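Novice: Under the working numbering, the first residue of the sequence shown is numbered 5, with each subsequent residue one higher. Yeah, the Cβ is synthetic: ideal placement off N, Cα and C, and Gly gets one too. Small disclaimer: the values here were computed from a predicted structure and weren't measured.
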Amino acid sequence: MTDDSSNDFGAPGPSGTRGTHGRSPLPDAADRGRTSVADDVVEKIAGLAAREVPGVHALGSGLSRTFGAVRDRVPGGSAKSVSRGVKAEVGEVQTALDLELVVDYGVSIRTVARTVRENVVSAVERMTGLEVVEVNIAVTDVKLPEDYDEEPDSPASTRLQ
5 MTDDSSNDFG
15 APGPSGTRGT
25 HGRSPLPDAA
35 DRGRTSVADD
45 VVEKIAGLAA
55 REVPGVHALG
65 SGLSRTFGAV
75 RDRVPGGSAK
85 SVSRGVKAEV
95 GEVQTALDLE
105 LVVDYGVSIR
115 TVARTVRENV
125 VSAVERMTGL
135 EVVEVNIAVT
145 DVKLPEDYDE
155 EPDSPASTRL
165 Q
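The structure is reproduced here in structure tokens:
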């Protein structure tokens, strides 16, 4: 007599188990393959998460922001702007991030950095499943109030007249 928990082809029988007929059981569907996450994906997630924090004016050093502003004006050239100022090293289960921030004048840099770190860790771990082992933050500039009038990216300066 055969076990009524499976049919001859390994399909689930009445009890819901698979017949193996000498074979090892099939792995769970989640274990059938490998998922890798590219550095660029982690950089984009981290860049967006950092920009959500109040007090963060921009990401990147002065030179990268200048080149980025030129690249943003070229059609199809703005793909990198989301991850500007973010560098990720991604392993199989862990990632480490370096961010360059420009903060608004008057904010607590320590508080902004802590909030950015928390937001980045939360977003990257939630979306990728990778463990974030470190988020290094370098504040490269502070945006002064009088600098807001001179910004080339402001809507007032790019408006046609």
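Going along the chain, which unbroken runs of the beta strand (DSSP E) with 3 or more residues stay wholly within the region 29 to 63?
Specialist: 60 to 63
Novice: Specify whether the region 98 to 107 and the region 44 to 61 touch according to this definition: at least 3 beta carbon pairs, one from each stretch, less than 8 Å apart.
Specialist: yes
Novice: Can the beta-carbon of S87 be found closer than 9 Å to that of A42?
Specialist: No, they are not a contact pair.
Novice: Expressed to the nearest angstrom, what Euclidean distance is found between the alpha-carbon atoms of K147 and S85?
Specialist: 19 Å
Novice: CB-CB under 8 Å to A127, same chain, minus the five flanking residues each way: which ones, in chain order?
Specialist: I49, A50, L52, A53
Novice: Rounded to the nearest angstrom, how far is the Cβ of Q98 from that of V57, given a contact under 8 Å?
Specialist: Rounded, the Cβ-Cβ distance is 23 Å, inconsistent with contact.
Novice: On a CA-only basis, which of V45, G89, P79, G37 is nearest T144? Give me that one, please.
Specialist: If we check each option's Cα against that of T144, G89 comes out closest.
Novice: Is DSSP giving E96 helix, strand or coil here?
Specialist: coil
Novice: Going by other Cβ atoms of all chains shown within 10 Å of its Cβ, with 16 needed for buried, is A33 buried or exposed?
Specialist: exposed
Novice: Is V124 near V139, with beta carbons less than 9 Å apart?
Specialist: yes
Novice: Rounded to the nearest angstrom, what separates S40 and D102 at their Cα positions?
Specialist: 20 Å
Novice: Would the beta-carbon of E188 fall within 9 Å of that of K91?
Specialist: The structure shown has nothing for residue 188, since the chain only spans 5 to 165.
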